[in-house]
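Asker: This is the structure, below, for whatever I ask next.
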Amino acid sequence: MIKRAAAILVSTLAILAVTPTVLAQTPPGDPPFRLPFAENPGPSTWYIVQHYGSTRTAYVRRTVWYGSGQGLHFGVDFSARCGTEVVAIGDGSILKVDAPEHGAGPHNLLILHDNGFVSLYGHLRDRPRFAPFTRVEQGQVIGVTGDPDLTCSSRPHLHLEIRDRSLFYAYNPVDFIDADWDSLALFGPSSGFQRDLSDPGRWQTLHDQPAVQFGAPLLNDFRTPWPPDRSGW
Numbered sequence: 016m017i018k019r020a021a022a023i024l025v026s027t028l029a030i031l032a033v034t035p036t037v038l039a040q041t042p043p044g045d046p047p048f049r050l051p052f053a054e055n056p057g058p059s060t061w062y063i064v065q066h067y068g069s070t071r072t073a074y075v076r077r078t079v080w081y082g083s084g085q086g087l088h089f090g091v092d093f094s095a096r097c098g099t100e101v102v103a104i105g106d107g108s109i110l111k112v113d114a115p116e117h118g119a120g121p122h123n124l125l126i127l128h129d130n131g132f133v134s135l136y137g138h139l140r141d142r143p144r145f146a147p148f149t150r151v152e153q154g155q156v157i158g159v160t161g162d163p164d165l166t167c168s169s170r171p172h173l174h175l176e177i178r179d180r181s182l183f184y185a186y187n188p189v190d191f192i193d194a195d196w197d198s199l200a201l202f203g204p205s206s207g208f209q210r211d212l213s214d215p216g217r218w219q220t221l222h223d224q225p226a227v228q229f230g231a232p233l234l235n236d237f238r239t240p241w242p243p244d245r246s247g248w
């Protein structure tokens with residue numbers, strides 16, 4: 016009996032060790048983070064080109080670019096000239112540098128924050144000069160923006176994600192970053208959100224987008240999409 020109980024305990028601990036710890040989808044209290052730029056938004060500095068969630072752009076490429084993220088755009092894209100300084104959105108420690116398994120090349124950086132959430136900064140121009148476990152402070156410059164096409168002329172931008180500690184889940188940065196998101200959404204070429212005519216009010220604002228579980232089935236494989244799906248993907 017004792018041996019059997021011990022075996023059950025060991026098995027339970029093993030499961031807990033490999034099961035991701037899923038944090039709440041939104042942090043308690045006020046948003047803990049800041050925007051990733053020191054400069055104010057504007058046409059000559061930075062602006063949003065794609066929001067988090069069920070965007071029309073993500074829908075068109077849901078099985079090609081975004082299939083691993085349930086078909087959604089699992090971050091926010093900020094258009095900015097190559098070389099624009101990127102700052103840490105909160106205090107924390109460097110978790111990973113240049114982690115290709117998370118995409119967003121040519122270079123990326125992940126910070127584990129003191130509240131247990133992780134921020135990912137993608138499409139950086141240069142490899143960040145940090146070693147894992149290095150402490151960084153909110154507002155500290157951690158890199159500069161680049162271009163996923165390596166041209167600095169086609170689509171230079173910063174891709175920013177908020178994930179849980181396990182990195183298996185991504186959350187809407189709108190809930191985590193202290194900013195006037197509705198005003199930020201008024202400027203820039205954002206494509207808006209894809210509509211499912213069977214539930215036309217779902218996922219249509221900046222604030223009601225779902226969390227992403229990486230590797231799980233598509234959330235936006237709509238039977239009655241609007242605009243219609245003519246992508247051919």
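Positions 16 to 248 (the working numbering) are the ones given, in order, by the sequence shown.
We put the beta carbon where it would ideally sit given N, CA and C, even for glycine.
So, for LEU24: in the same chain, excluding its five sequence neighbours on each side, which residues have a beta-carbon less than 8 Å away from its beta-carbon?
Answerer: Summary for LEU24: the model assigns pLDDT 37, below 50, so the residue's position carries little reliability, and this model does not support an answer.
Asker: For the beta strand (DSSP E) containing SER134, name the first residue and the last one.
Answerer: Unbroken beta strand (DSSP E) run through SER134: 133-139.
Asker: Just how far apart, CA to CA, sit HIS262 and ARG142?
Answerer: The structure shown does not extend to residue 262, since the chain is modelled only from 16 to 248, so the question has no answer here.
Asker: With 16 as the cutoff for other CB atoms within 10 Å, does VAL79 come out buried or exposed?
Answerer: VAL79 should be labelled exposed.
Asker: Going straight from the alpha carbon of ARG71 to that of SER213, what length do you get?
Answerer: Using only the alpha carbons, I get a separation of about 17 Å.
Asker: Just mark GLU176 as buried or exposed, buried being the case when its beta carbon has 16 or more other beta carbons within 10 Å.
Answerer: Buried, by the Cβ-count rule.
Asker: If you draw a straight line from the alpha carbon of ALA200 to that of PHE52, how long is it in whole angstroms?
Answerer: The alpha-carbon atoms of ALA200 and PHE52 are separated by roughly 16 Å.
Asker: What are the complete beta strand (DSSP E) segments, minimum 3 residues, inside the region 82-133?
Answerer: If we require 3 residues or more, the beta strand (DSSP E) runs fully inside the region 82-133 come out as 91-95, 100-102, 107-112, 122-128.
Asker: So, using beta-carbon positions, are GLY158 and VAL75 closer together than 8 Å?
Answerer: No, these two residues do not count as a Cβ contact at 8 Å.
Asker: Could you check the C-alpha separation between GLN65 and VAL91 for me, to the nearest Å?
Answerer: Their Cα atoms are separated by approximately 6 Å.
Asker: Give a yes or no on whether the C-beta atoms belonging to HIS138 and HIS174 are separated by under 8 Å.
Answerer: In this structure, HIS174 lies closer than 8 Å to HIS138 by Cβ.
Asker: What are the uninterrupted segments assigned as beta strand (DSSP E) that are 3 or more residues long and contained completely in the region 139-190, given in chain order?
Answerer: Whole beta strand (DSSP E) segments, 3+ residues: 156-159, 172-178, 184-186.
Asker: Going by other Cβ atoms of all chains shown within 10 Å of its Cβ, with 16 needed for buried, is ALA32 buried or exposed?
Answerer: A caution first: ALA32 carries a pLDDT of 40, below 50, which makes its placement in the model unreliable, though a value can still be read off. Exposed is the call here.
Asker: Could you spell out the range, first to last residue, of the beta strand (DSSP E) harbouring TYR62?
Answerer: Taken as a continuous stretch (DSSP letters only), the beta strand (DSSP E) holding TYR62 covers 61-65.
Asker: Candidates PHE183, ASP164, GLY107, TYR67: which alpha carbon is nearest HIS122's?
Answerer: Answer by Cα proximity: ASP164.
Asker: My assumption, with CB atoms under 8 Å, is that PRO47 sits in contact with GLY105. Please give the rounded CB distance.
Answerer: The pair is a contact, with the Cβ atoms about 6 Å apart (cut-off 8 Å).
Asker: Please say whether ALA185 and GLY86 have beta carbons closer to each other than 8 Å?
Answerer: The answer is no: Cβ separation not under 8 Å.
Asker: Quick check on the burial criterion: 16 or more other C-beta atoms within 10 angstroms. Buried or exposed for ALA21?
Answerer: Note that ALA21 scores a pLDDT of 43, beneath 50, so its modelled location is shaky and nothing firm can be said.
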